[in-house]
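In our numbering, the protein residues as written are 33 to 767.
Built from N, CA and C at the ideal position, the CB exists for glycine as well.
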């Protein structure tokens, strides 16, 4: 394969470049439609859980779940009185009237007189809307309604599922555009400074741009099978630009190095394919393996990121390995054109990296102990880590009506929606009286549980209204209209729905206790399923915790096998896996310090949360570990080249640092610039991911690679390169 690639690259470079340009044109045209197709579903919740089963059953039986899109009303004219009063509700009905024919259903205090619809200070109320069509169509309907609504007496704000989803899409699209406008010029300047040449700088940047184009096209194809949402698009951009520049940086630097050494462009291109081409291939495979480990988690959101991120890495690798050598062949000596006069020309020797290599290899014990002290101190905040039950309004894009509604629902209402929603699936043979009895029985059991404030059920029992009285009135057709309407809304021939309002937030430990107690309820007959916000949070955390061992196994085994084949060593893969976990630990500690403990919030205004959800931690772990293995492959591959030639483990460590130190540090800075730009996002989840990844990348490049790895490998000596005889037959040849 490599011989064929070298022949085509050297003899027909323009054919390769032309074919690639045509392909990118097609992919660019197709990928441009990605943003119009991405949407949000239950991406943060685990599939196959009791809560998702309950949600599906409720949707099948009742047409919608209690939580949908929301129209929030806030008092402007005090003459209307309190939100539960007739005048206030009459104004609400009047404002909502133009919307009634454009949606499937509208529910509020006027259909279900529950205190859950009324704010604590009784100045606000809300209506739950079940829309028609796609999320985009529902959002546009609500937006048009809001813009045309008479708000002289009540202020109208829209929020909820479709609104948040579409506003998040708009925010992400805007953030991506801003990020690219900021990062691309900065990257060009950094690359020009590193190479000392504008032409050499443009090559990695160009590979980064075409990678994003190709990755978006693949993501759009994937979106037809696995939902690709706005978070996946961010990850695709981070990995695409970051790794494409990493790989191109390594290849261009190696080309210039070989060109200085041999003076022959064809020979330099062939050596690039043999050396950095192989390194890039194995690096990409390790990153893809880390990304695909996300598939073991039962969350559609992570599946889209796994596939989308892997697509970006694959495209970056293919363009670097297959197309970049042809570009270098055409450029030849012109790779150094447009030299920056204030940058000293490269000589192939770096005094700084030579000093670093000598210090760490001559004093490995001092270096290792110093690294250990730094690790212990940096990880102190982890001791105060708190796992959050779920996401609240702080995870919604700031500056949007969706966030405003979510914040007011959480802070100004007793609860923004029922914390727990359950369904009892009944045998079809049940009579109406038996159904009412079953409803009464379950309602009474729920009311006795801790932290239950209100139960909205088919048989809504109140002081002075017993179950027997309810059934008697129902049999006689004498139920008051509100109770009759409530029964019709929550009872079908074969199912009963129960919505439980808690007196605590859905993400708290108390809500978890109430949830587990509800799941212990045993009905006389039928299938009992408990879902809702509290259940989603609990089930999702449990799903994460149960899947983590499998994800670690996938990463560990794949990294061990790949590095063993590449380096003909069983020691280095184990060492790399353990050491790479250190940058993750420090990254997590920084997240706890910034977002949970709020150490620098007064300065940055990045926002704080009560606890950190699992989603950013899992994402950061997969991506950061992949990037760490990326740099590991860069470093260890060069060390192995030297070790094969000299059989001197210390010299291999020194030369590995000297030759790859500038590349790894420059690559890390480039990736950091891309990643940290996402930390400016108005979405706190992306902010967490950006900062967490940024810290992990810098720690890995400037601490792990410069201090920890050299000292450990020097102490181990030849033991670092130990391998059983059978492995030497399987290793990838470096000749």
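Q.
Taking its Cβ as the centre, do 16 or more other Cβ atoms sit within 10 Å of residue 567, making it buried, or is it exposed?
A. Sequence index remark: in the chain shown, residue 567 carries index 535 (1-based). Its Cβ being crowded by 16 or more others within 10 Å, residue 567 is buried.
Q: Return the Cβ separation of residue 627 and residue 650 in integer angstroms, given the expectation that the two are a contact with Cβ distance under 8 Å.
A: Along the chain shown, read from residue 1 onward, the residue named residue 627 stands at position 595. Along the chain shown, read from residue 1 onward, the residue named residue 650 stands at position 618. Incorrect: roughly 16 Å between the Cβ atoms, too far for contact.
Q) What is the DSSP secondary structure of residue 560, counted as helix, strand or coil? A) As a working mapping, residue 560 is identified with position 528 in the chain shown. Looking at residue 560 - three-state DSSP - the assignment turns out to be strand.
Q: Please go through the same chain and pick out, in chain order, the residues whose beta-carbon is closer than 6 Å to the beta-carbon of residue 157, but skip the five residues on each side of it.
A: The residue you call residue 157 lines up with position 125 of the chain shown. For residue 157, where only same-chain residues beyond five positions count, the Cβ hits under 6 Å are 105, 115, 141, 149, 150.
Q.
Tell me which residue opens and which closes the beta strand (DSSP E) that residue 531 is part of.
A. For the purposes of this step, residue 531 is identified with residue 499 of the chain shown, where counting begins at 1. Residue 531 -> beta strand (DSSP E) spans 527-534.
Q. What first and last residue would you give for the beta strand (DSSP E) that runs through residue 101?
A. Taking the chain shown and counting its residues from 1, the one referred to as residue 101 is at position 69. Element bounds for residue 101: 101-107.
Q. Just curious, the alpha helix (DSSP H) that residue 157 is in, first and last residue?
A. Position 125 of the chain shown, counted from the first residue, corresponds to residue 157. First-last for residue 157: 156-162, but that is the beta strand (DSSP E), not the alpha helix (DSSP H).
Q) Helix, strand or coil for residue 423 per DSSP? A) In the chain shown, residue 423 corresponds to position 391, counting from 1. The answer is coil: DSSP assigns residue 423 none of H, G, I, E or B.
**Q.** Secondary structure of residue 418, DSSP reduced to three states
**A.** Start at 1 with the first residue of the chain shown, and residue 418 comes out as number 386. Coil, per DSSP.
(Q) If I follow the unbroken alpha helix (DSSP H) through residue 139, where does it start and stop? (A) Residue numbering aside, residue 139 sits at position 107 when the chain shown is read from its first letter. Where residue 139 is concerned, there is no enclosing alpha helix (DSSP H), although the beta strand (DSSP E) it sits in stretches over 137-139.
Q: With distances taken Cα to Cα, identify the nearest neighbour of residue 702 among 264, 738, 405, 659.
A: Here residue 702 refers to the residue found at position 670 when the chain shown is read from its first residue. It is 659.
Q: State the Cα-Cα distance for the pair residue 227 and residue 285, rounded to the nearest angstrom.
A: Looking up residue 227 in the chain shown gives position 195. Looking up residue 285 in the chain shown gives position 253. C-alpha separation (whole angstroms): 8 Å.
(Q) Tell me which residue opens and which closes the beta strand (DSSP E) that residue 191 is part of. (A) Indexing the chain shown from 1 puts residue 191 at position 159. It spans 186-192 - the beta strand (DSSP E) in which residue 191 sits, taken as one unbroken run.
Q: Using three-state DSSP, classify residue 129 as helix, strand or coil.
A: Residue 129 sits at position 97 when you count from the first residue of the chain shown. In this structure, residue 129 counts as helix in the three-state DSSP scheme.
Q | Cβ neighbours of residue 413 in the same chain (closer than 7 Å, five flanking residues each side left out) | A | Within the chain shown, residue 413 is the residue found at index 381, counting from 1. Closer than 7 Å at the Cβ level, and outside the excluded window around residue 413, lie 621, 624, 625, 629.
(Q) Our contact map puts residue 314 next to residue 665 with C-beta atoms below 8 Å; I'd like the distance itself, whole angstroms only. (A) Along the chain shown, read from residue 1 onward, the residue named residue 314 stands at position 282. Along the chain shown, read from residue 1 onward, the residue named residue 665 stands at position 633. That pair is a contact at about 5 Å.
Q | Distance, residue 724 Cα to residue 373 Cα | A | Taking the chain shown and counting its residues from 1, one reaches residue 373 at position 341. Taking the chain shown and counting its residues from 1, one reaches residue 724 at position 692. Straight-line Cα distance between these residues: approximately 37 Å.
Q. Given residue 535, which residues of its chain have a CB within under 6 Å of its CB, disregarding the five upstream and five downstream residues?
A. Here the question's residue 535 lines up with position 503 in the chain shown. Counting only Cβ-Cβ distances below 6 Å, and skipping sequence neighbours, we find 483, 485.
**Q.** Spatial neighbours of residue 281 in its chain, beta-carbon cut-off 8 Å, leaving aside the 5 residues before and after
**A.** Your numbering for residue 281 matches position 249 in the chain shown. 223, 226, 236, 695, 698, 699, 702, listed in sequence order.
Q.
Would residue 754 and residue 602 qualify as a contact pair, given that the criterion is a beta-carbon distance under 8 Å?
A. Residue mapping note: residue 754 aligns to position 722 of the chain shown, counting from 1. Residue mapping note: residue 602 aligns to position 570 of the chain shown, counting from 1. Taking 8 Å as the Cβ cut-off, residue 754 and residue 602 qualify as a contacting pair.
Q. What residue range is occupied by the uninterrupted beta strand (DSSP E) comprising residue 454?
A. As a working note, residue 454 is residue 422 in the chain shown. Note, residue 454: beta strand (DSSP E), 452-457.
(Q) So the candidates are 756, 663, 720; which of them puts its Cα closest to the Cα of residue 734? (A) Counting from 1 along the chain shown, the entry for residue 734 is found at position 702. It is 663 whose Cα lies nearest to the Cα of residue 734.
**Q.** Same chain only: Cβ atoms within 6 Å of residue 400, ignoring 5 sequence neighbours per side
**A.** Numbered from 1 along the chain shown, position 368 holds the residue referred to as residue 400. 743, listed in sequence order.
Q. Per DSSP, what kind of secondary structure is residue 629 in: helix, strand or coil?
A. Residue 629 sits at position 597 when you count from the first residue of the chain shown. Three-state result, residue 629: coil.
Q | Sub-8 Å separation of residue 769 and residue 49 beta-carbons | A | The structure shown does not extend to residue 769, since the chain is modelled only from 33 through 767, so no value can be given for it.
Q) So, are the CB atoms of residue 502 and residue 454 less than 8 Å apart? A) Here residue 502 is taken as the residue at index 470 of the chain shown, counted from 1. Here residue 454 is taken as the residue at index 422 of the chain shown, counted from 1. No, the Cβ-Cβ distance between residue 502 and residue 454 is not below 8 Å.
**Q.** Validate contact between the stretch 571-585 and the stretch 295-308 using beta carbons, cut 8 Å, 3 pairs
**A.** no
Q: Examine the Cβ distances between the stretch 338-358 and the stretch 248-256 and report whether three or more of them are shorter than 8 Å.
A: yes
**Q.** Euclidean distance between Cα positions of residue 750 and residue 618
**A.** Within the chain shown, residue 750 is the residue found at index 718, counting from 1. Within the chain shown, residue 618 is the residue found at index 586, counting from 1. Between residue 750 and residue 618, the C-alpha separation is close to 30 Å.
Q.
Since residue 275 and residue 348 should fall inside the 8 Å C-beta cutoff, what is the C-beta to C-beta distance between them, to a whole number of angstroms?
A. Taking the chain shown and counting its residues from 1, one reaches residue 275 at position 243. Taking the chain shown and counting its residues from 1, one reaches residue 348 at position 316. Contact flag correct, Cβ pair sits at about 5 Å.
Q | Under 8 Å between C-beta atoms of residue 411 and residue 587 | A | Numbered from 1 along the chain shown, position 379 holds the residue referred to as residue 411. Numbered from 1 along the chain shown, position 555 holds the residue referred to as residue 587. Cβ atoms of residue 411 and residue 587: not closer than 8 Å.
Q. Short check: CB of residue 490 to CB of residue 471, under 8 Å?
A. Mapped onto the chain shown, residue 490 falls at position 458. Mapped onto the chain shown, residue 471 falls at position 439. In this structure, residue 471 lies closer than 8 Å to residue 490 by Cβ.
Q: Following the continuous beta strand (DSSP E) through residue 93, name the residue where it begins and the one where it ends.
A: In the chain shown, residue 93 corresponds to position 61, counting from 1. Counting along the chain, residue 93 falls outside any beta strand (DSSP E), though it belongs to the alpha helix (DSSP H) covering 82-94.
Q.
Can you list, in chain order, the residues of its chain with a C-beta nearer than 8 Å to that of residue 179? Leave out the 5 residues immediately preceding and following it.
A. Taking the chain shown and counting its residues from 1, one reaches residue 179 at position 147. Here the set comprises nothing.
**Q.** Residue of 678, 186, 668, 229 minimising C-alpha distance to residue 366
**A.** Numbered from 1 along the chain shown, position 334 holds the residue referred to as residue 366. Nearest C-alpha to residue 366: 229.
Q | Rounded C-alpha distance that separates residue 118 from residue 110 | A | Residue 118 sits at position 86 when you count from the first residue of the chain shown. Residue 110 sits at position 78 when you count from the first residue of the chain shown. Taking the straight line joining both Cα atoms gives about 13 Å.
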